[in-house]
Every structure is written in C-alpha cells, then in structure tokens.
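Under full-length UniProt numbering, think of the first position of the sequence shown as 1, with each following residue one higher. Glycine included, C-beta positions come from ideal geometry on N, C-alpha and C.
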Amino acid sequence: MSHDTSAMRPRRFLPNGPLRGRIRVPGDKSISHRSIMLGALAVGETKVTGLLEGEDVLATAAAMRAMGATVERTGEGAWSVHGVGVGALLQPQAPLDMGNSGTSTRLLMGLVASHPITATFVGDASLSKRPMGRVITPLSQMGARIEASVSDQGGGRLPLILKGAFPAVPIAYRLPVASAQVKSAVLLAGLNTPGITTVIEPVPTRDHSERMLKGFGAELDVETDQDGTRIITIRGEAELKPQTIDVPGDPSSAAFFIVAALVVEGSEVLIENVGMNATRAGIVTVLRQMGGHIEELNPREVGGEPVADLLVKHSPLTGVTVDPAIVPSMVDEFPVLFVAAALAEGRTVTTGLEELRVKESDRLAVMAQALTLAGARVEETEDGLIIDGTGGAPLAGGAEQPVATHLDHRIAMAMAVAGIASCNGVEVDDTRPIATSFPTFEAMLDGLCG
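Written out as structure tokens, the structure reads:
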C-alpha cells in the first residue's frame with residue numbers, strides 16, 4: 001500500500017443517529033492467514049470460504065504463491081489452495097512483501113525457518129519499525145540464520161534475510177511474553193523439524209494455530225499444568241491433509257460495531273457469525289462487565305471454532321478496572337474499548353498493555369492523543385490508559401486538527417466510532433490503512449447509520 005502523504009484519504013466521521021440493522025463482518029484475520037499457510041503445506045486442494053480479503057491476508061497468499069503453492073480466488077470470500085507438502089516449499093525468486101502485516105511476517109518466518117530456502121522479508125514503513133527479535137530468538141535456536149536491520153533499540157527490524165535450517169533442531173521454548181505469533185512461528189517451524197518441538201506458554205493466547213494444525217492432521221498435543229501453563233508439543237516431518245474451511249467472522253472487526261451500538265443511543269444491531277473462541281472474546285467479557293447488552297444467539301461450532309450471532313443494544317456503560325489477565329484475549333480490541341470507556345460513567349483503568357506500544361503504532365500514545373483531541377479525559381501511564389468517561393454524553397469532537405492514525409487501521413476505525421458518538425464529528429487523517437483488515441468497514445458503518 002502506498003503511504004505518501006499526498007494520497008492520504010481524510011474523513012470526518014459525523015453523528016448520524018442510531019445504528020440499526022443486521023451485518024456480517026469479514027472473516028477472522030488470524031484464521032484466514034493460517035488457512036492459506038496450512039493449505040499451502042497440505043498435499044491436495046484446500047477450499048476456504050469466508051476468507052478475509054484484506055491486504056494483510058493477500059500478502060500471505062502472495063508469499064505462499066511465491067514459494068510454490070497455487071492460491072486462487074474462486075468467488076467472493078471463496079479460495080482454492082493447492083499445496084506443495086511440508087518440506088517442499090520452493091525458493092522465492094523475489095523478496096516477500098509483507099505490506100503492513102506483522103502476522104504474515106512472523107508466521108512465515110517460522111515456516112521458512114525449517115525449509116532449505118532463503119527468503120528476504122520486506123514491508124511498509126509501519127511494519128519496518130516493528131521488532132522481530134522475539135521471533136528471531138527461538139528460530140535461531142532451531143538453526144535458522146537471520147540477518148536483520150537493527151534499530152537503536154535493538155530487536156531486528158525488516159528488511160531481513162532468513163536462511164532456513166535443514167534439518168532444523170527441535171527445541172523446548174518458553175515464551176517470555178504472551179504472543180500467539182511467536183508461539184505459532186515456533187510450531188510452524190516444528191512442522192518440518194525432526195522430533196518433538198515444544199512451546200511452553202505461561203499465559204494462554206489465541207489458540208487458532210493449535211486447532212487448525214490438529215484439523216490438518218498434525219500430531220499436536222496440549223497439556224495444562226496446575227498453574228495454568230500450557231505445554232504444546234508438535235511432532236515434525238508432518239503430513240498435512242487438505243481441508244474445507246469456513247472462516248468465522250472476525251471478533252476484532254465485530255468489536256467496532258459492538259461498541260458503536262452500545263454507545264450510540266437507540267441502536268440495535270445483529271452481528272452474524274462471529275467467532276467466539278474464548279482466547280479471542282475478551283472484549284465481549286469486558287463490555288458486559290461495563291453493563292453492555294450483548295446477547296449470543298444460535299451458538300454453534302464451525303470448523304472447530306465456536307461461533308454465535310451477537311445481538312447488541314445501546315446500554316449505559318460504567319467504568320471498570322480491566323484485569324490484565326484478559327489482555328491476550330483482546331489485545332487488538334483495546335483501541336475501541338478506550339472509546340467505550342471515554343463514553344462510560346466513571347473511571348476505566350487499564351494496565352499490562354506494554355504490547356500495544358509495538359503494534360502498527362504505539363497504540364497507547366496514539367489513542368491517548370486522539371481521544372484527548374476528541375474531547376475525552378485520558379491519562380497515559382507506562383502500561384495503560386486511565387480514562388474518565390462522559391457518563392454517556394457524546395464526546396465534544398469537532399477539533400480543527402485531524403486525528404493522526406499513524407498508518408494504523410485499528411486507530412482509524414476506533415476513532416470513526418468516536419466520531420459517530422460525538423457532537424461535532426471526528427476527523428481521521430487517513431482512512432486508507434483500514435483496507436489492511438476491513439476493506440468494507442466504512443460502507444458497513446454508513447449502511448447501519450443511514
């Protein structure tokens with residue numbers, strides 16, 4: 001995606017009455033990435049419906065094509081993947097352009113790490129600032145050789161060159177930070193590594209990789225200690241079998257509409273087919289603690305993932321102290337939770353959010369600035385935000401200066417929600433980054449408010 005300032009697409013998001021209607025958000029981004037990757041490692045055709053066709057997932061698809069898989073779009077959200085088999089990835093002939101996708105980068109580094117190929121990873125300006133050291137460390141222990149550009153703060157950055165180890169060395173790796181991406185990178189490297197690769201996870205994170213690896217036929221086991229530590233083992237040199245996958249709606253995308261319906265008076269929205277995996281649905285838990293009316297209708301299981309339709313009605317919200325233990329299950333939803341907190345009664349306190357400082361932007365600093373500009377009362381701390389809400393009154397909005405999104409899709413969408421819950425609207429400096437995860441977001445929001 002081009003990010004020169006001359007092409008920026010600003011927009012003022014204005015209040016336009018209650019949100020009403022029925023929507024289906026795009027497919028889950030995490031599951032979409034993994035379905036393409038694992039389909040590319042299975043022998044035969046994997047069929048995927050409901051795939052998120054945002055720029056991040058398309059970057060994963062392009063990378064798997066570059067390494068030998070056939071990845072084709074057969075209809076809206078429908079894709080066919082003909083895989084090459086574990087161990088049979090081909091040498092890419094050009095650098096793998098990851099765009100803005102940290103998930104693509106870290107997971108594909110894991111895949112390449114145990115194959116006899118060399119790949120160069122590049123990305124846009126935002127991704128090139130994000131640290132990859134947390135993935136480089138375990139993959140280096142497995143034998144991969146990685147050359148990365150290093151900033152003053154250390155922790156390798158893109159562009160980087162990764163030379164896979166063949167054979168790679170199985171390791172037992174204890175995650176120093178709660179990160180589904182690091183866990184997944186090690187497990188994916190373990191797919192083509194002789195013997196047993198083990199990941200020890202003190203704090204549970206989203207478990208899509210484990211569910212999907214099992215679904216594709218990998219020998220993977222999960223044990224949980226008395227203290228809640230998860231020990232995940234995978235047997236290497238796996239043979240994956242192609243699957244038919246129906247991707248559930250992304251809870252991270254649904255979160256913007258859940259919050260919008262809760263905070264705009266008179267709203268009632270039904271959001272269909274939302275993934276309700278317990279390792280991802282923390283935002284629903286916290287919003288219910290704040291008093292939000294979120295009803296689960298027709299709960300069911302699709303492809304091993306729990307799914308439900310969510311009926312959301314406008315509700316007076318009350319500030320809470322968010323338990324840091326829930327952070328891994330909603331880490332990407334905090335920008336829009338901050339918007340809900342800004343419109344609640346009383347004080348909301350968040351801690352344990354250091355991870356938000358190394359996302360597409362420093363989401364703590366950027367959201368503190370953005371919400372303050374929109375009229376909220378926000379205090380930034382080292383590892384969170386403290387927000388004193390309006391008690392349900394709209395934010396003032398209307399500042400002359402636009403909110404700076406710093407190329408971060410979730411900042412742009414969160415502040416769009418703040419705009420429709422304000423008196424005078426909120427101007428976002430650039431809506432283009434929204435396309436990385438939710439290309440239809442603006443049209444869907446306009447449709448509910450119209």
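What ranges does the alpha helix (DSSP H) occupy inside the region 214-247, keeping only unbroken runs of at least 4 residues that lie completely in it? none
What are the residues that DSSP puts in a beta bridge with V307? G275, R300
Rounded to the nearest angstrom, how far is the Cβ of A399 from that of A374, given a contact under 8 Å? 7 Å
So, are the CB atoms of A144 and K163 less than 8 Å apart? yes
So if DSSP puts I283 in a beta bridge, which residue, or which two residues, is it bridged to? In the DSSP output, where bridge partners are listed per residue, I283 has none listed.
Going by C-alpha to C-alpha distance, which of R11, R20, R9 sits closest to C449? R20
DSSP state of K359 mapped onto helix, strand, coil: coil
Span of the beta strand (DSSP E) around K47: 43-49
Extent of the continuous beta strand (DSSP E) to which E427 belongs: 426-428
Tell me, please, which residues DSSP counts as bridged to R20. E268
CA nearest to the CA of D389, picked from V349, E355, E427: Note that residue 389 corresponds to Gly in the displayed sequence, not to Asp. Closest option to G389, Cα to Cα, is V349.
By a C-beta neighbour count over all protein chains shown, 10 Å radius and 16 as the cutoff for buried, is E427 buried or exposed? buried
Can you check which of these residues, V182, A260, E55, L160, is closest to K313 by C-alpha distance? A260
Could you give the DSSP three-state label for S80: helix, strand or coil? strand
Taking only the alpha-carbon atoms, compute the straight-line gap between P439 and Q226 and give it to the nearest angstrom. 43 Å
Does D408 come out as helix, strand or coil in the three-state DSSP assignment? coil
Looking at G99 and A59, is the spacing between their C-beta atoms short of 8 Å? yes
Judging by CA-CA distance, which residue of G384, E296, A172, L317 is the nearest neighbour of V331? G384
Nearest-angstrom Cβ-Cβ length linking G110 and A185, presumed shorter than 8 Å: 3 Å
Below 8 Å, how does it come out for the region 68-82 and the region 273-285: are there three or more Cβ pairs, yes or no? no
Does the distance from the CB of G291 to the CB of T318 come in under 8 Å? yes
Alpha helix (DSSP H) runs wholly inside the region 331-410, at least 4 long, in chain order: 334-342, 363-373
Simplified DSSP state of F441, which is helix, strand or coil: helix
Pick out whichever of G346, S361, A325 has its Cα sitting closest to the Cα of P335. S361
What are the complete alpha helix (DSSP H) segments, minimum 4 residues, inside the region 174-203? 180-190
Report buried or exposed for D152, applying the criterion of at least 16 other Cβ atoms within 10 angstroms of its Cβ. Here the model assigns D152 a pLDDT of 42, short of 50, so the residue's position is not dependable and the matter cannot be decided.
C-alpha gap between T405 and Q369, whole angstroms: 10 Å
According to DSSP, simplified to helix, strand and coil, what is D152? The predicted position of D152 is uncertain, since its pLDDT is 42 and thus under 50; no value can be drawn from it.
Rounded to the nearest angstrom, what separates A416 and I434 at their Cα positions? 11 Å
Taking A113 as the reference, which of F166, G346, P316 has the closest Cα? F166
DSSP three-state assignment for V327, whether helix, strand or coil: helix
Quick check: the region 232-250 against the region 43-53, are at least 3 beta-carbon pairs closer than 8 Å? yes
How is the beta strand (DSSP E) around V122 delimited, first residue to last? 118-122
Less than 7 Å between C-beta atoms, sequence neighbours within five positions excluded: which residues of the same chain meet that for V264? P18, L19, H314, I420, A421
Use the C-beta contact count for G123: other C-beta atoms within 10 angstroms, 16 or more gives buried, fewer gives exposed. buried
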